[in-house]
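In case it helps, this note's numbering puts the sequence shown at residues 42 to 806.
Glycine included, C-beta positions come from ideal geometry on N, C-alpha and C.
Just so it is clear, the structure is predicted and the values come from calculations on it, not from any experiment.
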Amino acid sequence: MMMIRYFQLSILLYVLTALNSQLHAQSSTLRGKVTSDNQPIEFAKVLVLDNGCFAETDSLGKFLLQNVPLGFQKIIVLQQGYKSFEEIIYFKSNDSISVHFRLIFEDVSLDEVVVSGTMKEVSKSDSPVPIEVYTAKFFKRNPSPTIFDALQNINGVRPQINCNVCNTGDIHINGLEGPYTMVLIDGMPLVSGLSTVYGLSGIPQSLIDRVEIVKGPASTLYGSEAVGGLINIITKKTASSPIFSSDIFATSWGEVNSDLAYKFQLGNKLESTIGLNYFVFQNKVDNNIDGFTDMTLQNRISVFNKWTIRRKYNRVFNFAGRFINEDRWGGDLNWSKKFRGGDSIYGESIYTKRWEFFGTYQFPLKEKIMLQSSANGHFQNSAYGQTFFLAKQMIGFIQIYWNKHINRHDLLAGTTIRYTYYRDNTSVSYSVSTLNSFLPGVFLQDEISINECNKLLLGLRYDYHSLHGNILTPRLNYKWNSRNKKNTLRVSVGNGYRVANVFTEDHAALTGARKVVFLADLKPETSWNSNVNFVKRIEIGNSKVLDIDVSLFYTYFTNKIIANYELDPQKIIYDNLAGFSVSQGASFNIDFTLVRNLKANIGGTFMNVYSVVNGIKSRQLFSEHFTGVWSIGYSFHKIGLTIDYTGNVYSPMRLPLQNALDPRKEYSPWWSIQNIQITKSFKKGFELYAGIKNLLNWTPNKGNPFIIARSNDPFNKQVQFDAEGKVLTNSNNPYGLIFDPSYTYGPNQGIRGFVGFRYVFGGKK
């Protein structure tokens, strides 16, 4: 609200100035300075409300306001990010008055508009669902070529590398694996199935206006896959986009990332933004000296186009499309495309083509009825050594919902249908009945404003899966806040479910010598989740703000799909868990602004993820007990310089070993990725930035004799087996191992420098 008022008064300021040119007969002078916490504020506007004369402060916070009319005048001081200041001053003829205005810092983050929790726009502080919001500015503190890499500095969210060769990965939330995380683009389920592996790396940061994260099941509104949490990537609105923007950076490893965007208008009702992202890395690096590339070589281009049609009464009509083409490979340093699919030199080569379309239309009715639709096609041509994987996936999605406010009730009702078509060339896909599926559903939600301080959200969703039948998912959310909104308590209970996807379950086997075994047709997973969240805002002085966010979470799974790497080193065995699984823990986030120049965020999550079968408790693989993140930024406003220090830290996690002789460590060590960046802002929208990523030069191979098992024999030509198929030990294979790149838990990239520049024309930076 403060930001809206700021712009409204700014417009009024200029209008009144035009009317003021004839009113200077008898006047006085007002001079002084504007500060906050004893720091000068530059470019603050000092306005005489009645006639519109104004002045702006200089770099020392000083201003001179001439021709002030006589009598009592209301003086208003405006600067974005601070509470507006008002004071009435009496002016006599030829007065020269000196003043000192002190502004109070006001962080508008609590009033950010969010949509992910309730599928309608509400301020973050009013949402009964706890939602974390991260703007594009947050991600610029540690520039990354994709949203997958950028999420590493968000508390409780961990991008997990799943393969040392092709560098595929997924996103863990509170210790739960990637298939439990739903990734949306503008509320549309575009990233699923095939794209959960390779599609995440094709989402450039240039598209992002903000990212909203819901931790815990959101299946009541979004259906399957939203069991562990929800990541909603909100793309930039065409109206608020600059006319032209660019962001280009390169690293000392040889990575180059380019983001370009241009906005144009056709007539008075149609405007569009087109964006281009190009990422290239063609440098073979083998710092761990295993003969394999530490990072896949990539050549990726992504084109994005979004259109907005202006309509009467501000009704919504927008649509967008994106196309991605990527060529990546990793493996033996001597590999080239002539060896693709052969058994002489090992390489993993993946060609990906992907298109997406999504849009929103508001019906021209008095009632608020919205139509959302999306479609995407994902085509993959891959060769993992001598194993070819050819796959095609098509997903169509349509959703219509109605929003109605009746007295204290804010109702939301809707219906959805989702169709998935999937084909690949493996025998696995034809032995599991998940090739084609229809998933229609209906949902109803009632947000009840009991009074100014209490809200209750009730929700229920019913889906009918064409293969698995009836699925019901209820939810309940309660929010209490103090009258000044500086204390907020949220309690939630909900049910989630997930339908197994063939590719996400068996992809790990494609990158090694393991075979996938499904003991039975996989049943849908179900879970119950409870969450308690408390937010406290403390204002200390004029510009000192401390926000504390604490959560407790507990999730209980039945029918959980477990990948067993340990029963047989040549197999990955999938089955629904015969017992139950639990994910529980606590997290905290602390945001503070001690002075106007310093902003910091520190967060941590304690978690325990385990399964119980026949009374035996076992810790989940690739799950840490603690993760911490931080982001600290200090700005020297006078010289336009900002320093950002970001990082994360992880406790040990259990890793898959092939047998008792495997010399690699069963648990990872404590490890941390830390980064520093310096940004220099110039006039006319130009920025130059440089820094260092992975300051500690940490990589997973430290402390281990090797990471990839038998990288010298990736086709297992020299491995001997006994009559039962077990690996024999000998002088050539003393540990009894087969080739396997699945022992991984973090990025293989060590320390590297980077430098880049940004340019924005015709809009905000």
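- Which one of K310, N492 and R531 has the shortest CA to CA distance from A280? In the sequence shown, residue 280 corresponds to position 239, counting from 1. Checked all of K310, N492 and R531; the closest Cα to A280 is K310.
- Task: Tell me K433's beta-bridge partners as DSSP assigns them.
- Result: Within the sequence shown, numbered from 1, the residue matching residue 433 stands at position 392. K433 is bridged to F420 and R464.
- Task: Determine, using beta-carbon pairs with one atom in the segment 765–777 and one in the segment 393–411, whether at least three such pairs fall under 8 Å.
- Result: no
- Message: Helix, strand or coil, according to DSSP, for A641 in the structure here?
- Response: Start at 1 with the first residue of the sequence shown, and residue 641 comes out as number 600. Here A641 sits in strand by DSSP.
- How close, in whole Å, do the beta carbons of Y686 and I717 come, if the pair is a contact with beta carbons under 8 Å? Your numbering for residue 686 matches position 645 in the sequence shown. Your numbering for residue 717 matches position 676 in the sequence shown. Between I717 and Y686 the Cβ distance is about 5 Å, and since that is below 8 Å, they are a contact.
- Message: Does L618 come out as helix, strand or coil in the three-state DSSP assignment?
- Response: The residue you call residue 618 lines up with position 577 of the sequence shown. L618 sits in coil when the DSSP states are folded into three classes, being neither helix nor strand.
- Start-end ranges of the alpha helix (DSSP H) lying completely within the segment 473–498, minimum 4 residues: Listed in chain order, nothing qualifies, since the segment 473–498 has no complete alpha helix (DSSP H) run of 4 or more residues.
- Task: Check F380 in the structure and name its three-state DSSP category.
- Result: Taking the first residue of the sequence shown as position 1, residue 380 is located at position 339. DSSP places F380 in the helix class (H, G or I) of the three-state scheme.
- Query: Taking one C-beta from the segment 754–771 and one from the segment 722–731 each time, how about it: are there three or more such pairs within less than 8 Å?
  - Reply: no
- Message: Among N324, S287, T176 and V198, whose alpha-carbon lies nearest the alpha-carbon of I274?
- Response: Against the sequence shown, residue 274 aligns to sequence position 233. The option with the nearest alpha carbon to I274 is T176.
- Message: Between the segment 743–753 and the segment 319–328, can you find at least three pairs of beta-carbon atoms closer than 8 Å?
- Response: Counting Cβ pairs under 8 Å, fewer than three are found: no touch.
- Message: Below 8 Å, how does it come out for the segment 382–393 and the segment 415–432: are there three or more Cβ pairs, yes or no?
- Response: yes
- Query: Do R799 and K734 have their CB atoms nearer than 8 Å?
  - Reply: In the sequence shown, the residue the question calls residue 799 occupies position 758. In the sequence shown, the residue the question calls residue 734 occupies position 693. No, the pair does not count as a contact, with Cβ atoms beyond the cut-off.
- Between the CA atoms of D167 and A96 - distance to the nearest angstrom: Looking up residue 96 in the sequence shown gives position 55. Looking up residue 167 in the sequence shown gives position 126. In a straight line, the C-alpha of A96 is about 36 Å away from that of D167.
- Message: Below 8 Å, how does it come out for the segment 189–208 and the segment 306–320: are there three or more Cβ pairs, yes or no?
- Response: As far as the Cβ criterion goes, the segment 189–208 does not touch the segment 306–320, which means the pair count is below three.
- With contact counted as at least three CB pairs below 8 Å, one residue from each stretch, are the segment 447–454 and the segment 473–492 in contact? yes
- Task: Whole angstroms is fine: what's the gap from I512's alpha carbon to T599's?
- Result: By 1-based counting over the sequence shown, the position of residue 512 is 471. By 1-based counting over the sequence shown, the position of residue 599 is 558. Going from the Cα of I512 to the Cα of T599 covers about 14 Å.
- Query: Which stretch, first to last residue, makes up the alpha helix (DSSP H) that contains K178?
  - Reply: If you number the sequence shown from 1, residue 178 lands on position 137. Its alpha helix (DSSP H) spans residues A177 to F180.
- Query: Going along the chain, which residues of its own chain have a beta-carbon closer than 6 Å to the beta-carbon of T349, five neighbours each way excluded?
  - Reply: Position 308 of the sequence shown, counted from the first residue, corresponds to residue 349. Closer than 6 Å at the Cβ level, and outside the excluded window around T349, lie T279, E312 and N359.
- Item | Inter-residue Cα distance where the pair is Y392 and K379 | Here residue 392 is taken as the residue at index 351 of the sequence shown, counted from 1. Here residue 379 is taken as the residue at index 338 of the sequence shown, counted from 1. So the alpha carbons of these two residues sit roughly 15 Å apart.
- Message: Let me make sure I understand the geometry here. Which of L497, P184 and N649 has the alpha-carbon closest to that of S622?
- Response: Taking the first residue of the sequence shown as 1, we reach residue 622 at position 581. Minimum Cα distance to S622 is reached at N649.
- How is S709 classed by DSSP in three states: helix, strand or coil? To locate residue 709, count along the sequence shown from 1; it is residue 668. Residue state, collapsed to three classes: coil.
- Query: How would you write the range of the alpha helix (DSSP H) that I145 sits in, first residue to last?
  - Reply: Working through the sequence shown from its first residue, we reach residue 145 at position 104. Premise fails: I145 is in no alpha helix (DSSP H) and is neither H nor E.
- Should I680 be labelled buried (16 or more other beta-carbon atoms within 10 Å of its own) or exposed? Reading the sequence shown from its first residue, position 639 is the one you call residue 680. Exposed, by the Cβ-count rule.
- Message: Considering only their Cβ atoms, is the gap separating N574 from P592 smaller than 8 Å?
- Response: Translated into the one-based positions of the sequence shown, residue 592 becomes position 551. Translated into the one-based positions of the sequence shown, residue 574 becomes position 533. The sequence given here places Ser at residue 592; Pro does not occur at that position. Against a cut-off of 8 Å, the Cβ pair of N574 and S592 comes out as a contact.
- For W376 and Q790, believed in contact at Cβ under 8 Å, the rounded distance: Numbered from its first residue, the sequence shown carries residue 790 at position 749. Numbered from its first residue, the sequence shown carries residue 376 at position 335. Contact flag wrong, Cβ pair sits at about 20 Å.
- Message: Taking 8 Å as the limit between beta carbons, can you name the residues of its chain near P693, skipping five residues before and five after?
- Response: Here the question's residue 693 lines up with position 652 in the sequence shown. Same-chain partners within the cutoff: E665, H666, Y708, S709, P710 and W711.
- Message: Taking the beta strand (DSSP E) that D300 belongs to, which residues open and close that run?
- Response: By one-based count along the sequence shown, residue 300 stands at place 259. Start and end: V297 to L307.
- Message: Using a 10 Å radius around the Cβ and a threshold of 16 neighbouring Cβ atoms, would you call G537 buried or exposed?
- Response: Position 496 of the sequence shown, counting from 1, holds the residue named residue 537. Residue burial annotation: G537 is buried, with at least 16 other C-beta atoms found within 10 angstroms of its C-beta.
- Query: Bridge partners of S652, per DSSP?
  - Reply: Sequence index remark: in the sequence shown, residue 652 carries index 611 (1-based). S652 pairs with S622 and S659.
- Item | C-beta atoms of G535 and G257 nearer than 8 Å | Numbered from 1 along the sequence shown, position 494 holds the residue referred to as residue 535. Numbered from 1 along the sequence shown, position 216 holds the residue referred to as residue 257. In contact: G535 and G257 (Cβ atoms closer than 8 Å).
- Pairwise C-alpha distance: T292 and F795: For the purposes of this step, residue 795 is taken as residue 754 along the sequence shown, with counting starting at 1. For the purposes of this step, residue 292 is taken as residue 251 along the sequence shown, with counting starting at 1. One C-alpha to the other measures close to 4 Å.
- Can you tell me whether S568 is buried or exposed, with buried defined as 16 or more other CB within 10 angstroms of its CB? Along the sequence shown, one-based indexing puts residue 568 at 527. With 16 or more other Cβ atoms within 10 Å, it is buried.
- Task: Using three-state DSSP, classify G228 as helix, strand or coil.
- Result: Taking the first residue of the sequence shown as 1, we reach residue 228 at position 187. Assignment of G228 by DSSP, reduced to helix, strand and coil, places it in the coil class.
- Message: What does the alpha-carbon distance come out to for the pair V297 and Y730?
- Response: Walking along the sequence shown from the start, residue 297 turns up at place 256. Walking along the sequence shown from the start, residue 730 turns up at place 689. Distance between the alpha carbons of V297 and Y730: 14 Å.
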